[in-house]
Amino acid sequence: MTQLLSLFSQIFGNQTKSSDLEQYINSHNPNSHQQVERLTRDYLYCTINGGEL
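Numbering (my numbering), first residue to last: -3 to 49.
Here it is as structure tokens:
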């Protein structure tokens, strides 16, 4: 998980905060890697496009 957050920080710079992404994912209690990927996609899409989570 830490490597994934680090990668997103490198790619998106200040557009996302790792702690916010981590809190968002943890708040949904994902049970699988696929759920983490979906939550990450949703979070990044909303963050970049200014949508609501």
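The beta carbon of each residue, even a glycine, is placed where N, CA and C say it ideally should be.
For residue i, the three-state DSSP class (helix, strand or coil)
i, result
"residue 18", "helix"
"residue 28", "coil"
"residue 48", "coil"
Length of the line joining the Cα atoms of residue i and residue j
i, j, result
"residue 32", "residue 46", "21 Å"
"residue 26", "residue 48", "20 Å"
"residue 29", "residue 2", "17 Å"
"residue 7", "residue -2", "14 Å"
"residue 38", "residue 20", "10 Å"
Sequence-distant residues of its chain with Cβ nearer than 7 Å to residue i (five each side left out)
i, result
"residue 0", "none"
Closer than 6 Å: residue i CB and nearest the ligand HEM heavy atom
i, result
"residue 33", "Absence of the ligand HEM from the depicted structure is noted, as is the absence of any ligand whatsoever, leaving it without description."
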